[in-house]
Amino acid sequence: MKRRDFLKSTTALAASTMVTAPAIWSAAKAQSRAETILVVSESGPNNVDIHGVGTNVPGYEVAWNCYDRLISHEMKTLPNGTQYYERDKFKPELAEDMNPGDMSVTFKLRKDATFQDGTPVKAQDVKWSLDRAVSVGGFPTFQMGAGSMEKPEQFVVVDDHTIRVDYLRKDRLTIPDLAVIVPCVMNSGLVKKNATEKDPWGLEYTKQNVSGSGAYRVVSWTPGTEVTLERNDNWKLGPLPKTKRIVWRMVPSAGNRRALLERGDADISYELPNKDFVELKEQGKLNVVSTPFSNGITYLGMNVTKAPFDNPKVRQAVAYAVPYQKIVDAVLYGLASPMFGAPAGKATDVAWPQPTKYNTDIAKAKALMAEAGYPNGFETTLSFDLGFGTVNEPLAVLIQESLGQIGIKTTINKVPGANFRTELNKKVMPLYINVFSGWLDYPEYFFIWCYHGKNSVFNTMSYQSKEMDAMIDAAGAAASAGDTANYEKNVKGFVDLAFTDMPRIPIFQPYSNVAMQKNVSGYQYWFHRRLDYRALVKA
Amino acid sequence: MMSLVFKRLLVALPSLVGVVIVTFLLTRALPGDPAAYFAGPAATTEAIEQVRVKLGLDKPLLTQFMLYCRDLVRGDLGASLTTGQSVVSDIKARLPASAELTLVGLIVSIVIALPLGILAATKPNSWIDHVCRIVTTAGVSLPVFFTGLILVYVFYYLLGWAPSPLGRLDVFLTPPRNITGFYLIDSALTGNGEAFVGSVKQLFLPAMTMAIFSLAPIARMTRASMLAVLSSDFVRTARASGLSTFTVVVTYAFRNAMLPVITTLGMVFSFLLGANVLVEKVFAWPGIGSYAVEALIASDFAPVQGFVLTMAVMYVALNLAIDLLYGFIDPRVRLEA
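So the protein sequences, as listed, match chains A and B.
As numbered in our numbering, residues -5 to 533 make up the first sequence, in order.
As numbered in our numbering, residues 291 to 627 make up the second sequence, in order.
Here it is as structure tokens:
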């Protein structure tokens, strides 16, 4: 190319690009728009198989909607009109009948259920899928273990349409655990065809390919950008979903998610800051639903193995110094249930979460500090997860300010999301803000993970108490045996002990907030807090 | 010519090797534990160990590095845990998105900045010079994400002129068949008018955001180098010979002033490509910058290494292209080389 020609052609190119005038009108296609629900959220799935290595929470949403399980939960309507899952009422999904025996439960499968490729769903598929869940390791195996399902031998094929789950021990969490996302049923033939010697469970294949029988199938998936799901018209396990297509777009900027909702371009969004939700609620242009996290609490944890937090008096002093009401008002804009300030004479409930009797009382806190031998306070670090910085940061500042009043000088340590879990696992942070919520909504389930001396990851305080362990174990046993009186006694016992020993200070029960257009209905709150597309309707 | 290219590539080799080693060590030095992160919120210590073994992170560092190099030679950059895809396919899908946005932004910027710089230089201290000064100062001093959010607020939220800031294409349009990965080119090649118009619309605001940001260096550099050239002897001679102002300024002065401008363009381009993370975040643009940052947040090693390596290769290629371009524009450079 000659120099002159080159220069000429570049000028021509520059000139031609000048004429691309801004196009202004957005041409949405009315037809497909009406049949499609556009969901916007901050992040998207990294794997559509919940058994995968490191499948993230958005991935659970795809798994929930694209796979079926043996059983699921009924819905109930809360006083505010929200549909909420019934913890104790199960409904058949792939199974048409559930028959619990003494040491096993038998399921009869529906004969008309087919996978998305047309193969009928058989008991062999169910067994293979449950075997897979207890064998692949990591999160799915852990979750199955929570319901005392640990070995493939527990799952027995009786005939093509009958499967029996044998109990290792009596555990009232076994049946509820069969209704969570993990024990989903996969097309074993299809996955086995795509498995390799190195990867016998076909995890590489299911990572990107749905092989279920669910009401939706993934038609396209651009990681980090978009997931498109379409209704499986052959789905017969319930009324055919009303929405033909779900387009789920990842919009990282919270401000833009809100703008999209307000402009009416997006249909549903969650993961908005509390402030936005409150403002949207006040404007009244959208439906805004706030539901407390089932079995979830945001708390201030303390490492009880090291001074000064090994002293229960210090922990109680901190509990009296937390500015509870300020936190609920200024940080959460009222979108949280208080976990403090129960009336002094109130009897302990057989329920979890329930509020403590603590209130902000600086004088009492100071007295307790003096009693504990720290009249002049001490210095420590307050850590929080920067991944939830919009809530955690102001929360930490308020706590820091309040603790300063009783002489505890805190340095705030912001831990990036990826590191926070590592730090928690090390169990060395002296004082930290964290949240825990359990899929299975039972007090003893929460306590086994968070307070039991077997020291799971969630016993972030490294709390050890023989008395506590005995009561948690007794409550579990009593529940499985159906001994209500004993169960209630032990639940009350461990809740009381948790509130006197105070290894962690409950602050509030966070809300799951969802905003949607007025013409979208059918939102259901599930224990996993993700959307169930099957019920969504766009008028 | 070929020997020049070859020589340049040879010189770039050690820096690429360095990049490979340094990114590998740096990602390992990050404080986060990917195994704990990807084992999920409900993982036991054993579960985390299982994940660690699966990811190969239990092996000694040197072994991990050898394995990484072996894969690299095969063209395998590993797999991303955050997206669940192989890094190569992720980068293949995302690099064109970033490149398209950056190029369009740069072209818009050039179209505004070059005339502005030239005019400002021909009439120093006139009103156009002041306009140039104000525009460039405003451009550099406004943070990109701020300009982006303001543009979205005004043109999308208030006026409703721009389409929703939802990435490269409206949700209800199908992207064109993948040929180059550039939606504008692909839709033009396949004659998909709808997708072409759609992507132009989606590009408009983010490209403007990038253009506003990159105006300053280009306009300032054009003005400065034009001023120097305009005061030189050959321009005076050309003027004295009675050539028209246009010929003097554009044909003679501008061509001589282009070298520093091209250098600046190269710098601005490479800078924009890596640094447009914020624009990508604001406009939900599925580009390479936001990809790398997300991976970094999750201590996901492979994409970070892949990103840095890709960027390094692109810098080398870009510098080479600019060097070659010098030769086209100014024969003196070619002869000296």
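Note that CB positions come from ideal geometry on N, CA and C, so glycine has one too.
Source: prediction; values computed, not measured.
Taken in chain order, the unbroken stretches of alpha helix (DSSP H) that lie wholly in the segment 63 to 134 of chain A and span 4 residues or more are 117 to 129. Taken in chain order, the complete alpha helix (DSSP H) segments of 4 or more residues contained in the segment 226 to 276 of chain A are 248 to 256. For the 8 Å CB-CB criterion, residue 144 of chain A and residue 162 of chain A form a contact.
Using a CB distance cut-off of 8 Å, residue 223 of chain A does not count as an interface residue toward chain B.
Sequence-distant Cβ neighbours of residue 478 of chain A in its own chain, meaning closer than 8 Å and more than five residues away, are 472. In this structure, the straight-line span from the alpha carbon of residue 132 of chain A to that of residue 509 of chain A is close to 33 Å. Under the 8 Å Cβ criterion, the segment 229 to 242 of chain A counts as touching the segment 25 to 44 of chain A, having at least three qualifying pairs.
Within chain B, the C-beta atoms nearer than 7 Å to that of residue 26 of chain A come from 462, in chain order. The criterion of a C-beta distance shorter than 8 Å is not satisfied by residue 219 of chain A and residue 519 of chain A.
Neighbours of residue 344 of chain B across chain A, judged by C-beta separation under 7 Å: 47. Our two residues, residue 482 of chain B and residue 461 of chain B, have alpha carbons roughly 16 Å apart in a direct line. In this structure, the CA atom of residue 324 of chain B is about 42 Å from the CA atom of residue 487 of chain B. About 15 Å separates the Cβ atoms of residue 40 of chain A and residue 246 of chain A, ruling out a contact at the 8 Å cut-off.
Comparing alpha-carbon positions, the option among B/615, B/621 and B/622 lying closest to residue 295 of chain B turns out to be B/615.
Less than 8 Å separates the beta-carbon of residue 469 of chain A from that of residue 438 of chain A.
In this structure, the beta-carbon distance from residue 208 of chain A to residue 61 of chain A falls below 8 Å. Short of 7 Å from the beta carbon of residue 530 of chain B, and not among the five residues preceding or following it, lies no beta carbon of its own chain.
It is roughly 14 Å from the alpha-carbon of residue 284 of chain A to the alpha-carbon of residue 332 of chain A. Using a Cβ-Cβ cut-off of 8 Å, residue 543 of chain B does not count as an interface residue toward chain A, since no Cβ of chain A sits closer than that to its own. Annotated three-state conformation of residue 26 of chain A is helix, per DSSP.
Cβ-Cβ distances below 6 Å link residue 91 of chain A to 102 in the same chain, with the five nearest sequence neighbours on each side left out; the list follows chain order. A straight line joining the alpha-carbon of residue 361 of chain B with that of residue 453 of chain B spans about 42 Å. Put simply, the segment 572 to 582 of chain B does not touch the segment 344 to 351 of chain B. Fewer than three CB pairs are less than 8 Å apart. With fewer than 16 other Cβ atoms from the protein chains shown falling within 10 Å of its own Cβ, residue 80 of chain A counts as exposed. No Cβ of chain B is located within less than 8 Å of the beta carbon of residue 502 of chain A. Look at the beta carbons and you see the segment 426 to 437 of chain A not touching the segment 603 to 621 of chain B: under three pairs across the two are nearer than 8 Å. Beta-carbon to beta-carbon, residue 472 of chain B and residue 390 of chain B are separated by about 5 Å, close enough to satisfy the 8 Å threshold. The beta carbon of residue 355 of chain B lies closer than 7 Å to those of 314 in the same chain, with the five residues before and after it left out. Sixteen is the threshold: when 16 or more other Cβ atoms of the shown chains lie within 10 Å of the Cβ of residue 346 of chain A, as they do, the residue is buried. By the neighbour-count criterion, in which 16 or more other beta carbons inside 10 Å mark a residue as buried, residue 513 of chain B falls on the buried side. Contact check for residue 106 of chain A and residue 230 of chain A: beta-carbon distance about 5 Å, within the 8 Å limit, so the pair qualifies. The contact set of residue 41 of chain A on chain B, defined by CB atoms closer than 8 Å, consists of 374 in chain order.
Excluding sequence positions up to five before and after residue 275 of chain A, its CB lies within less than 6 Å of the CB of 282, all in the same chain and listed in chain order.
When rounded, the separation of the alpha-carbon atoms in residue 225 of chain A and residue 406 of chain B is 54 Å.
Around the beta-carbon of residue 157 of chain A, 16 or more other beta-carbon atoms lie within 10 Å, marking it buried.
CA-to-CA, the gap between residue 365 of chain A and residue 311 of chain A works out to about 10 Å.
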